[in-house]
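Heads up: the sequence lines are chains A and B, in that order.
For the first sequence, the residue numbers in this note's numbering are 5 to 295.
For the second sequence, the residue numbers in this note's numbering are 2 to 520.
Below is one structure; the comments refer to it alone.
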Amino acid sequence: MRNRLSVSFARKQQFVDPTVTAVKPYELELSLFVVFVLTGVYIAYDLLTEPRGGNPFGHALGIAGALLMLMTEVLYSLRKRTSWLNWAGPVRYWLSFHIFTGIVGPFMVLMHTGLQFRGLAGLSFFLTLVVVGSGFIGRYLYTALPRTMSGVTASRQELGQEMRAIEYKLAQIKAQRPQREQEIVTSLSQRTTQRNPLLTVVGRSFYQWRYHRRLQKELRRLDQLEEQQRQQLAALLEQKRTLERQIDMLATTRRLLRAWHILHIPIGLTLFFSVGIHILATIYFRAGLFK
Amino acid sequence: MKEYRRLERQHPIFSPVALISTFVLAVGLGIGVYFTGGAAFSPGELSAVQHGEVMLQGIANHAEIGNDCSQCHTPFVGIEAARCEACHEDIARDRQAGLAQTAVTGPAANQPASQPANPAPIGLHGRIPNAEDCATCHLEHRGSDYDLKTAAVANFDHNLTRFTLAKHAVDYAERPLDCAACHQEPGAFTVATSACADCHRDADAAFMTRHREAYGDNCLNCHDGQDTLAAFAPEDHAQIFALTGAHAAAACEDCHTNGQFKGTPQECVACHAEPQAHSGMFGTACADCHTPDGWQPAIMNGLPFDHNLDTSFSLEKHMTNFDGRPFACTTCHTGQQPADFDQTQCVACHQKGDAVFMADHTAQFGLNCQSCHDGTGSMTNFDHNLVWPLDGQHTALECTRCHVDQVYKGTPRECVACHAEPPIHAGLFGTECAACHTTEAWLPARLRQHNFPLDHGEQGQLDCAVCHTTTYAEYTCTNCHEHDPNATRAEHDEVDFSQTDFFACAECHPTGQEEEHDD
């Protein structure tokens, strides 16, 4: 059954794939839109009724938010780390859904609190904030690791091969250019500072942006270069610098990511433990639910 | 390198460090929750607001309950009225009273406000529908300064108290009225009468004084705030006591004395003392004879009775006695029944006025007073001539000469009733005395009335014996006129002709003229 499904999906994917990859992921926009709509509904509810503990709307927000958060934690991991859900579409869709539920779920829980942060419920929400914040940090660390086409983390050896391919292409381009231009390219491709790998992990986005600007500025001096070649050159140089940084911080990133897991996973599990107690207490005290 | 790959593919949850951290955090959380107790689950502080010095079950306010959730929350059931009422026993009593009444008469809240209000036994919580859901109105966990009693007022339907605020939004100076305007005792929602009276006195002090004297101080007994008892329509009163006839104009306080409305007696005698005139003769079933339209006329045998009109004796001059005391029926009607009338009572009473006159009068006229007197006067305006002229020899007659035994009514008017026909006369002239005699004297007598012309219609002087062949009381025409009975009959065919009429020719031919009645 699973084989048949995966086969049919693969066929379909062959046909659909080019269109799908052209579409920009829009989970952030969708998440913000849903957050905006929920905020509107919440304000309207607050204005039109007398908000109080134990009413169905508040409970619904909490239940839905908790379910979304549970899906955030469980579904993406299951798809990514097991083969059980291989038939159910590419991982990137699951990531989009993961991001969507990871934003909307906690926001619904925020509304569920009614901005009251007391006792266990307050602690649960605090843990939610920590887990969400930690999730963003984890994502930033995670993207610092270079990946192969299959999405598996690339090894130092693979990175070395890629580096050699880039350098070969660069050399080819340089060879066709006059001496003055060769010097410019050489100067751009060489790294001048040796930075602490930890600093590189944290500041890599900034460094990338700064190098991108420098490239655009410097490459304009190669005035006899066609635009297409200039773009290719810029791309190669940027790719080279990124690879160099990735090789630099590979070990550090892996260490950081392991440390992050040790923080993120227990806090996340504790959050669900605390939410579980919160739900049981609500049922035990019958605080307005299922009356 | 291989080791890295294996770790990367493995879920980090399986890292021993993560497992231990998770366990430590979870156990820490569990211990924390256990030791903080209810506080961990409390969504907000309990109210510390206290009303007065009242302590219920040794607790002054909810905050003193602390974190003992089970004081109010029944496990897996939630907030139950029974838990609240374990302390708030007064509310429990109100609610039970309300349920008991609902079982009998339907929901208290649905009953019209025009019913006699009696708010005391049921209380406010007995009138609130679904009062067992205490938390519907009384929220908790809203902070120590949250007053769950006062806050419930915001959503409270004041009409449930049977006193609407429709007409109590502003005072006489058009200033908005707040709760404390009527509920003057802090923290309590009782209403002192003074609260009503103090304000309403501003509008009309004299009226309020009078009104309170008449009805007492419990304003809410009658007034529901809608208006001044207009809600209590005449139909409503009619269900208890119809305000028809003269009762329509009665003032409320005429019957409802001392502000009492319930239990006002409905018997006539409760308000109307039996008049002395009755003197115990008619009993107290007034409605047998009287209607609310008025005491007069009373109904007797299904018809309005008026002594002045319906009996031959008016009471116009018989309202008070000679000594000034009011007349009672029994003054004249001495028996047990109205028909028992003793004529001797007339004399017995009138002797007190003038004994000498009465003695003389009764000696002269007898004791049958009513044969002359109808109660309107002492016969001073009686004109005998209108009944029978007393002229000539009759002027000097004693009354008793005609009115034998003082019987006045029905006295015959014919002469022969008193004057027997003299023997010389007997059988010759008949008894129409006045044809020949006057009241002046019997003699001289002469023919004064002769209905038929003495000259038989210009036939000249005729001898009396031509017609009166036997006596003067009879006549015959057949001595001269044809008297063949068959011919006469044939001639008078068209008239209804009896045997008697056959000889009474003058009945139809009074003038004796020719052709008379021949047509």
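Positions of the beta carbon are idealized from the N, C-alpha and C atoms, including for glycine.
Interface flag, residue i vs chain A, CB-CB below 8 Å
i	result
H74/B	yes
H142/B	yes
L125/B	no
F42/B	yes
F77/B	yes
G45/B	yes
C135/B	no
V34/B	yes
V55/B	no
Min CB distance residue i to chain B below 8 Å
i	result
Y288/A	yes
P270/A	yes
A125/A	yes
T256/A	no
S193/A	no
I281/A	yes
L52/A	no
G66/A	no
R184/A	no
Minimum C-alpha distance to residue i - residue among the options
i	options	result
L284/A	A125/A, L34/A, N59/A	A125/A
L444/B	F453/B, F24/B, G458/B, H426/B	H426/B
R94/B	T103/B, G124/B, W389/B	G124/B
L72/A	A238/A, I103/A, R224/A, T117/A	I103/A
L387/B	A101/B, T363/B, R414/B	R414/B
N200/A	R245/A, M253/A, Q232/A	M253/A
A249/B	H273/B, P293/B, Q365/B	P293/B
P486/B	C506/B, C333/B, D311/B	C506/B
L20/B	G280/A, Y97/A, T274/A	T274/A
T401/B	P423/B, T363/B, I32/B, F383/B	T363/B
F140/A	G106/A, L119/A, G118/A	G106/A
Proximity below 8 Å, CB of residue i to CB of residue j
i	j	result
G431/B	A474/B	yes
L229/A	I188/A	no
E86/B	I80/B	no
Y173/B	A204/B	yes
T257/A	L89/A	no
G69/A	V113/A	yes
Y215/A	E242/A	yes
L240/A	K173/A	yes
A369/B	Q352/B	This sequence places Asn at residue 369/B; Ala is not what is there. Not closer than 8 Å, so no.
E133/B	A98/B	no
G226/B	K168/B	yes
G123/A	A40/B	yes
E46/B	H142/B	yes
P298/A	L100/B	The displayed coordinates of chain A run from 5 to 295. Any statement about residue 298/A would go beyond what the structure contains.
Q394/B	E441/B	yes
H63/B	R290/A	no
Y46/A	M115/A	yes
I251/A	R160/A	yes
S278/A	L127/A	yes
C350/B	F342/B	no
Local Cβ density within 10 Å of residue i, reported as buried at 16 or more and exposed below that
i	result
R128/B	buried
L57/B	exposed
C481/B	exposed
H438/B	buried
Q183/A	exposed
A121/B	Residue placement at A121/B is poorly supported in this model, since its pLDDT is 44, which falls under 50; the coordinates are not used for a value here.
C465/B	exposed
H273/B	exposed
C180/B	exposed
A207/B	exposed
G513/B	buried
V417/B	exposed
Y35/B	exposed
P177/B	exposed
Which residues DSSP lists as bridging residue i, in chain order
i	result
A299/B	F306/B
I60/B	L57/B
G79/B	T75/B
V171/B	P177/B
T321/B	P327/B
T292/B	G295/B
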